[in-house]
Amino acid sequence: MATLEARARPGKEAIPGGGCKLSLVTAPNPVPEELRSQLGLTFDAPPLSIPRRIWPVGQLVSEVRNHIEREYADVWVEGEVSSLRAAPSGHLYFTLKDGDSQLPVVLFRRQALLLRFRPDDGMQALVRGRISVYEQRGQMQLIAEFMEPLGAGSLQLAFEQLRAKLQAEGLFDAERKRPLPAFPHCVGIVTSPGGAVIRDILNIVARRHSALHVLLYPVVVQGETAAADVAAGLAWFNKTGRADVVIIARGGGSPEDLAPFNSESLAHAIAGSEIPVVSAIGHETDFTIADFVADLRAPTPSAAAELITEAQHKVEERVELLSHRLQRAMRYKLMQSSERYSRLSVEATFARLRDTFGRRQQRVDELRFRAEAALSLSLRRRAERLHGVTARLLRQDASRRLALVRDRLSNLDIRLARAEQAKLNFARARHNSSEGRLHSLSPLAVLGRGYALVFDAEGRLLKDARATAPGQVLTARLARGSLHSQVLDLDASETPATINHEISEDKKRQA
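In my numbering, the protein residues as written are 288 to 798.
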């Protein structure tokens, strides 16, 4: 070892410790001239280099971690739980706070499953574990092995106390809360003008109710003056009366960020509002005093915008649905009409007319049958009444009445005879008509038009000339009488078309 004296050059600033005795380790390489000139030092002894130990970051952090884990292998730490996050792996990550200090804590899944309670933000807790360093971030943290609650944190305790007080005053009663207007013309929003909340609300309102007027009262939603600003905005809307409903909105955040909305003064301002108030603060799991006092609590600011436009949106959806249904019905009717028009023709029209006329005739026949049945029934009833009257006259022995009854009986006999004759004529006409139709369909009538039926010797009807042979005896049945003939020659070359042509020519000659 060599003892060296470091002196500062004139006009140069001495480095800390100038004039002191330095113990240096002798090095084989001399100090470069540039370094000595830069430091402004002169050395009485031969110049020596100062060794430096260079630590890699990972090695240094690992060395510190080993040292801390040895020194703080088992510690108990008390503080308030904040920023609790549950990972999908089952690990719990949170921060213990105490005044202005905070310590990150990790509770691994194996220890988290052994907890008999559910940690939450604002809870005062006592945690046992070991201090370590998270090498990837170079951050000190507490790896917890055991955790127990010590009671609610200061913010949570204040929240619970204020909620109990306001509930006792009746500010949370459902009877005090008013329903929202179904179709508001103007909605007032009390929130920060630069946040994402107002943009989300405007997007939803533009999509669901574009005619709704939105009036923004800009405030700060975090900090000591936030509660007073929000109360001032609510008072402004009540004073001007320009809004039908007011929304107090803020995005999510920690309990400290939402603390202004747990203010007693703001709660009384909401309760004293003459305009219905909707509270849309934080996320769905966040609850504030303003949520309990407001006329309606929305899970999120976007949900608040949907709630105030719900009735209008339903009406628009209903109108749009009916419009689509009407358009589909019109297109369907037009398609049906076009299809029916394309199917129309002269033959179809006449066929429809014939069907209509046939149905009318059928209706006439049906009415005639019903009239005949009614007449028969009436005649039977009159005959029964006649018998009854005759019996009563016979019992009363009144000659004058008897004569009158005889006259009526004669008239009824005449009408009955006429009805029977008419019915008989109708039946005879139907019989003649049926007989004529039957005669027109008789095979004998066909034979009367010049045709004949040819049978072989065994009485079988012949339809093909090839079924006969020369010399065979045949019997031909005519319209009147029969002929017996013998086949002289056979010609099976004639086709039905040829025969039809000859028949047509024969009919022309006869005509």
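A virtual CB, placed ideally from N, CA and C, is assigned to each residue, including glycine.
Residue pairing of Thr-478 in beta bridges, as defined by DSSP: Pro-505. Spatial neighbours of Ala-518 in its own chain (CB-CB distance under 7 Å, excluding positions within 5 residues in sequence) are listed in chain order as Ser-552, Leu-553 and Ala-556.
Note on geometry: alpha-carbon atoms of Ala-498 and Ser-625 lie some 41 Å from one another.
Three or more Cβ pairs drawn from the segment 579 to 590 and the segment 450 to 464 lie within less than 8 Å of each other, which places the two stretches in contact.
When secondary structure is reduced to three states using DSSP, Ser-349 falls in the helix class. For Gln-448, DSSP assigns no beta-bridge partner whatsoever. According to DSSP, Gly-366 shares a beta bridge with Ala-412.
Classified as exposed, Asp-385 has fewer than 16 neighbouring CB atoms from the shown chains inside 10 Å of its CB. Sequence-distant Cβ neighbours of Arg-465 in its own chain, meaning closer than 6 Å and more than five residues away, are Pro-563 and Asp-582. The beta carbon of Phe-548 sits closer than 6 Å to the beta carbons of Ile-568, Thr-575 and Ala-577 from its chain, once the five residues preceding and following it are set aside; these are given in chain order. Secondary-structure assignment with DSSP links Leu-740 through a beta bridge to Arg-764. Residue state for Val-565 is assigned as strand, using DSSP reduced to three classes. By the CB criterion at 9 Å, Arg-486 and Glu-593 fall outside the cutoff.
Ile-488 counts as buried, since at least 16 other C-beta atoms from the protein chains shown sit within 10 angstroms of its C-beta. In the three-state scheme derived from DSSP, where H, G and I count as helix and E and B as strand, Gln-759 is classed as coil. For the set Asp-743, Asp-751, Arg-646 and Ala-752, the Cα lying nearest the Cα of Arg-764 is the one of Asp-743. If you draw a straight line from the Cα of Thr-478 to the Cα of Gly-425, it comes to about 39 Å. Thr-382: member of the beta strand (DSSP E) spanning 379 to 385, first to last residue. For Val-533, the three-state secondary structure derived from DSSP is strand. In this structure, Arg-415 is the residue among Met-427, Arg-415 and Asp-387 with its C-alpha nearest to the C-alpha of Phe-433. Annotation: Gln-423 is outside any alpha helix (DSSP H) and is labelled neither H nor E by DSSP.
In this structure the segment 669 to 678 does not lie against the segment 643 to 651, because fewer than three pairs of beta carbons, one per stretch, are closer than 8 Å.
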